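K.L.:
For what it's worth, this note's numbering labels the leading residue of the sequence shown as 463, then goes sequentially. Built from N, CA and C at the ideal position, the CB exists for glycine as well. All figures in this text were calculated on a predicted structure; none of them were measured in a lab. Let me give you the structure first, and then I'll get to my questions.
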Amino acid sequence: MMGATISYPPVSDDRRAAVRRKLAAFGRLCEVGIGRRHGVAAALASDGRAVAATDVIERETPPGVAFVRDDIVAAADRAAAGRTAPRDDPGEPGAPGDHYRVDCVYALNAPPELHRPLLRVADAVDAACCFTTLGGDPPAVDATPLALSGGDTLYVARDPDGVLVG
Numbered sequence: 463m464m465g466a467t468i469s470y471p472p473v474s475d476d477r478r479a480a481v482r483r484k485l486a487a488f489g490r491l492c493e494v495g496i497g498r499r500h501g502v503a504a505a506l507a508s509d510g511r512a513v514a515a516t517d518v519i520e521r522e523t524p525p526g527v528a529f530v531r532d533d534i535v536a537a538a539d540r541a542a543a544g545r546t547a548p549r550d551d552p553g554e555p556g557a558p559g560d561h562y563r564v565d566c567v568y569a570l571n572a573p574p575e576l577h578r579p580l581l582r583v584a585d586a587v588d589a590a591c592c593f594t595t596l597g598g599d600p601p602a603v604d605a606t607p608l609a610l611s612g613g614d615t616l617y618v619a620r621d622p623d624g625v626l627v628g
């Protein structure tokens, strides 16, 4: 007797293209937990956006995407430890890190345990915050779901300038 085999369909280019089109409204972005799939970050960078990426382990990123090894949970703790800084004051204590000083902090396939830290960091730098989940996972923070062409859902947890939802 064999156990159940679970296979997950690959993420389609159409789904990620819809995410990229939505994020293209921002000039400076940071993808949290970039992993090995960096198509959205690469496309945004090739479209002339300033893109930074983070992950807990060292990753190679495509040309035009700056990489910083960082943990979003630790960054949220850094932000909470002191007075948070606005985007134009990089020297303030409590800032989560210069790589997060962007217009939008986003994550793709973010597990629920990263939703709150992601939002705390975005809040600390006054950035928009959005993410996709692992599929069946609901957002762990209050977020507006945006159904995108191709079938992906982008959850908008913070949109101070009304760029994503407005």
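Counting only the same chain and skipping the five closest in sequence on each side, list residues whose C-beta sits under 6 Å from that of Val502.
P.N.:
Answer for Val502: Arg478, Val481 and Arg482, listed in chain order.
K.L.:
For the alpha helix (DSSP H) containing Val535, name the first residue and the last one.
P.N.:
Where Val535 is concerned, the enclosing alpha helix (DSSP H) stretches over Ile534 to Ala543.
K.L.:
Just curious, the alpha helix (DSSP H) that Ala586 is in, first and last residue?
P.N.:
Taken as a continuous stretch (DSSP letters only), the alpha helix (DSSP H) holding Ala586 covers His577 to Ala586.
K.L.:
Consult DSSP for Val502 and reduce its assignment to one of helix, strand or coil.
P.N.:
In this structure, Val502 counts as helix in the three-state DSSP scheme.
K.L.:
Taking buried to mean at least 16 other C-beta atoms within 10 Å of its own C-beta, is Val627 buried or exposed?
P.N.:
The residue is exposed, with fewer than 16 neighbouring Cβ atoms inside 10 Å.
K.L.:
Rounded to a whole number of angstroms, what is the C-alpha to C-alpha distance between Ala543 and Asp532?
P.N.:
Cα to Cα, Ala543 sits roughly 17 Å from Asp532.
K.L.:
Let me make sure I understand the geometry here. Which of Glu575, Val587 and Val518 has the alpha-carbon closest to that of Phe593?
P.N.:
Cα-wise, what sits closest to Phe593 is Glu575.
K.L.:
Applying the 10 Å Cβ sphere with the 16-neighbour rule, what's the burial state of Glu520?
P.N.:
Glu520 is exposed by the Cβ-count criterion.
K.L.:
Look up Asp517 in the DSSP assignment and give the residues it is bridged to.
P.N.:
Paired residue(s): Arg531.
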